[in-house]
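Here's the structure, in structure tokens; my notes come after.
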Amino acid sequence: MARTKRYWLFKSEASAFSIDDLAAAKDETTPWDGVRNYQARNLLRDEIRKGDRVLYYHSNSRPTGVAGVARVVRDAYPDATQFDPASRYHDPRSPQDAPRWLCVDVAFVRKLPRVIELSELKANPALADMMVTRRGARLSIQPVTKAEYETVLAMV
DNA sequence: GCCAACGTTGGC
DNA sequence: GCCAACGTTGGC
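Take 2 as the starting number for the first sequence in the numbering used here and just add one per residue.
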């Protein structure tokens, strides 16, 4: 019996890696690397599984909001960038034999015809409990309920 | 570019 | 183990 599919919101700065960059990537797939927050790491390790759906959120962008949909295509595995001295995500304190940081692979599903902006998310009463609409919600990987996921995608 | 919020670090 | 200092995030 397969595990029930779950839903997430992944933040990415559009100038760094946008939904268009994901669509243009080889196999339309990329490692979601560079996560350097323990709470987010624990979600990757313990909760997020292949087959889960992802709201692709452009942070620090104009506009800021949900720009597309992706899906998780590989369970968590060690993030190679932590051992790469040339990477901005290099972590010299992460032990080789017990990697501190993990990543999953995500694949492009679709780009929304328009960005569902943060202001709209905040204005929708059905999304009042959604983490991204809350003040100071900086977590780059956030859990989303199925209802929230469907509500957001219906706002296009 | 500003700055509030928040996570991490490190001295004690 | 506390907590001030510091760095980063991210909306605006």
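Glycine included, each C-beta is placed from N, C-alpha and C at the ideal position.
Bear in mind the structure is a predicted one, so any value in this text is a computation, not a measurement.
Backbone secondary structure at residue i - three-state DSSP
{"i": "residue 152", "result": "helix"}
{"i": "residue 114", "result": "strand"}
{"i": "residue 41", "result": "helix"}
{"i": "residue 27", "result": "helix"}
{"i": "residue 4", "result": "coil"}
{"i": "residue 46", "result": "helix"}
Own chain partners of residue i with C-beta closer than 6 Å, once the 5 adjacent residues on each side are dropped
{"i": "residue 34", "result": "80, 82, 104"}
{"i": "residue 141", "result": "12, 41"}
{"i": "residue 44", "result": "142"}
{"i": "residue 32", "result": "104, 106"}
{"i": "residue 116", "result": "64, 66, 68"}
{"i": "residue 60", "result": "12, 14"}
{"i": "residue 46", "result": "77, 103"}
{"i": "residue 58", "result": "10, 12, 67"}
Contact set for residue i: own chain, Cβ-Cβ below 7 Å, skip 5 residues either direction
{"i": "residue 101", "result": "83, 92, 95"}
{"i": "residue 138", "result": "132"}
Own chain partners of residue i with C-beta closer than 8 Å, once the 5 adjacent residues on each side are dropped
{"i": "residue 53", "result": "6, 7, 8, 9, 72, 73"}
{"i": "residue 50", "result": "4, 7, 73, 76"}
{"i": "residue 157", "result": "113, 114, 115, 117"}
{"i": "residue 90", "result": "34, 35, 37, 80, 82, 83, 102"}
Pair within 7 Å by beta-carbon distance, residue i and residue j
{"i": "residue 20", "j": "residue 112", "result": "yes"}
{"i": "residue 131", "j": "residue 149", "result": "yes"}
{"i": "residue 70", "j": "residue 153", "result": "no"}
{"i": "residue 23", "j": "residue 109", "result": "yes"}
Runs of beta strand (DSSP E) lying entirely within the segment 74-146, each at least 3 residues, in chain order: Those beta strand (DSSP E) runs which fall completely within the segment 74-146 and span 3+ residues are 103-118, 142-145.
Could you say if the segment 76-91 and the segment 113-122 meet the contact criterion of at least three C-beta pairs nearer than 8 Å? No: fewer than three Cβ pairs fall under 8 Å.
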